[in-house]
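If you're matching them up, the sequences are chains A and B in order. Just so you know, our numbering puts 62 at position 61 of the first sequence, and the rest follows in order with no gaps. Just so you know, our numbering puts 99 at position 98 of the second sequence, and the rest follows in order with no gaps. Contents: one structure, followed by commentary.
There are 2 protein chains.
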Amino acid sequence: METTKLTLQTAEQEMVARMAKALGHPTRIEILVFLASQDSCFFGDIHDELPMAKSTVSQHLKELKDAGLIQGEIETPKVRYCIHKENWEIARKLFSDLFGLFEETEMNC
Amino acid sequence: METTKLTLQTAEQEMVARMAKALGHPTRIEILVFLASQDSCFFGDIHDELPMAKSTVSQHLKELKDAGLIQGEIETPKVRYCIHKENWEIARKLFSDLFGLFEETEMNC
DNA sequence: ATTATTGTTCGTATTTTTGCGAACAATAAA
DNA sequence: TTTATTGTTCGCAAAAATACGAACAATAAT
Numbered sequence: 002m003e004t005t006k007l008t009l010q011t012a013e014q015e016m017v018a019r020m021a022k023a024l025g026h027p028t029r030i031e032i033l034v035f036l037a038s039q040d041s042c043f044f045g046d047i048h049d050e051l052p053m054a055k056s057t058v059s060q061h062l063k064e065l066k067d068a069g070l071i072q073g074e075i076e077t078p079k080v081r082y083c084i085h086k087e088n089w090e091i092a093r094k095l096f097s098d099l100f101g102l103f104e105e106t107e108m109n110c
Numbered sequence: 002m003e004t005t006k007l008t009l010q011t012a013e014q015e016m017v018a019r020m021a022k023a024l025g026h027p028t029r030i031e032i033l034v035f036l037a038s039q040d041s042c043f044f045g046d047i048h049d050e051l052p053m054a055k056s057t058v059s060q061h062l063k064e065l066k067d068a069g070l071i072q073g074e075i076e077t078p079k080v081r082y083c084i085h086k087e088n089w090e091i092a093r094k095l096f097s098d099l100f101g102l103f104e105e106t107e108m109n110c
């Protein structure tokens with residue numbers, strides 16, 4: 002029987018920290034929840050949902066994109082944003098592993 | 002058959018953002034991984050693992066504690082840090098729900 | 001009473017993040 | 001060619017995060 006992995010490699014730790022950082026702002030969570038509820042996900046649709054300047058929205062999208070969680074493609078003259086499927090699954094697994102660190106035992110203290 | 006929940010309430014969004022923010026630093030991830038690997042988890046043990054001043058380590062622990070992810074109890078003259086079990090489960094569920102937003106369908110774009 | 005041990009808190013400096021409006025770029029329409 | 005539409009990038013200001021050493025607090029040991 003395989004033992005469950007009880008740690009994360011350094012590279013994985015850095016990646017989960019990087020993704021967590023991108024998730025660590027209410028507006029960016031709101032953007033992701035909105036993307037989940039929509040078929041259409043142009044920049045303008047996202048901006049319309051949020052009470053802030055378009056430059057600010059653009060910055061938040063850039064951070065989510067730089068973290069690999071979303072991708073954007075130009076559909077001139079608009080830009081369509083979507084979840085980055087592969088990376089989303091990677092993120093899901095990383096966080097699952099992270100939270101799994103403390104489920105196997107009855108905890109250590 | 003129950004339909005799977007496909008969104009997060011505002012309060013949940015804020016909580017997951019708050020916890021993600023606390024997770025969004027490599028040192029804090031490293032602390033959690035270390036706590037998972039140890040039975041003993043005194044401040045000094047944590048500090049010994051990390052190449053930084055004790056005041057900095059103390060600050061990172063405070064942020065994890067303020068986010069509810071860990072707790073600290075005094076065992077004079079030491080301080081024992083542990084995962085906050087209940088909140089850890091809450092966090093696990095919040096992140097699971099977040100990542101679950103995009104698994105049911107074949108995605109929207 | 002001093003001294004040692006264990007951590008936290010304070011004050012400070014540096015860097016990063018957040019947010020805005022203005023300016024810009026790219027295409028399409030008039 | 002000018003004008004509109006859609007977003008990004010730039011430059012700035014304010015706020016927050018990061019890290020350090022010094023100072024402090026609480027207890028225990030000498």
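C-beta: ideal position from N, C-alpha, C; glycine also.
When the Cα of residue i is compared with those of the options, which residue comes out closest?
i, options, result
"B:Leu62", "B:Arg29, B:Met53, B:Gln39", "B:Arg29"
"B:Leu95", "B:Pro78, B:Leu70, B:Glu64", "B:Leu70"
"A:Ser85", "B:Leu7, B:Glu104, B:Ser59", "Checking the displayed sequence, the identity of residue 85 of chain A turns out to be His instead of Ser. Comparing Cα-Cα distances from A:His85 to each of B:Leu7, B:Glu104, B:Ser59, the minimum goes to B:Glu104."
Determine, using beta carbons only, whether residue i comes closer than 8 Å to chain B.
i, result
"A:Met32", "First, the amino acid is wrong: residue 32 of chain A is Ile here, not Met. So, not an interface residue."
"A:Pro27", "yes"
"A:Gln60", "no"
"A:Leu65", "no"
"A:Ser56", "no"
"A:Glu50", "no"
"A:Phe96", "yes"
"A:Phe103", "yes"
Would you say residue i lies against chain A (beta-carbon separation less than 8 Å)?
i, result
"B:Thr77", "no"
"B:Ile84", "yes"
"B:Leu24", "yes"
"B:Thr8", "yes"
"B:Ala12", "no"
"B:Glu87", "no"
"B:Val80", "no"
"B:Phe100", "yes"
Roughly how many whole angstroms lie between the Cα atoms of residue i and residue j?
i, j, result
"A:Glu87", "B:Arg93", "21 Å"
"A:Asp40", "B:Val34", "38 Å"
"B:Lys66", "A:Phe43", "38 Å"
"B:Asp49", "B:Lys22", "24 Å"
"B:Leu102", "B:Gly45", "40 Å"
"B:Leu51", "A:Val80", "43 Å"
"A:Thr57", "A:Pro27", "13 Å"
"B:Thr11", "B:Ile47", "35 Å"
"A:Glu90", "B:Gln72", "30 Å"
"A:Thr77", "B:Glu64", "44 Å"
"B:Leu7", "A:Cys83", "16 Å"
If I measure Cβ to Cβ from residue i and keep anything under 6 Å in the same chain, skipping five residues before and after, which residues do I get?
i, result
"A:Met20", "Ala68, Ala92"
Drop a sphere of 10 angstroms on the beta-carbon of residue i, count the other beta-carbons inside from all chains shown, and report buried for 16 or more, exposed for fewer.
i, result
"A:Gln14", "buried"
"B:Gly25", "buried"
"B:Glu31", "buried"
"A:Ala37", "buried"
"B:Ile75", "exposed"
"A:Ala54", "exposed"
Please go through the same chain and pick out, in chain order, the residues whose beta-carbon is closer than 8 Å to the beta-carbon of residue i, but skip the five residues on each side of it.
i, result
"B:Leu99", "Leu9, Val17"
"B:Ser59", "Phe44"
Within its chain, find whatever has a CB closer than 7 Å to the CB of residue i; leave out the 5 residues flanking it on each side and keep chain order.
i, result
"B:Ser97", "none"
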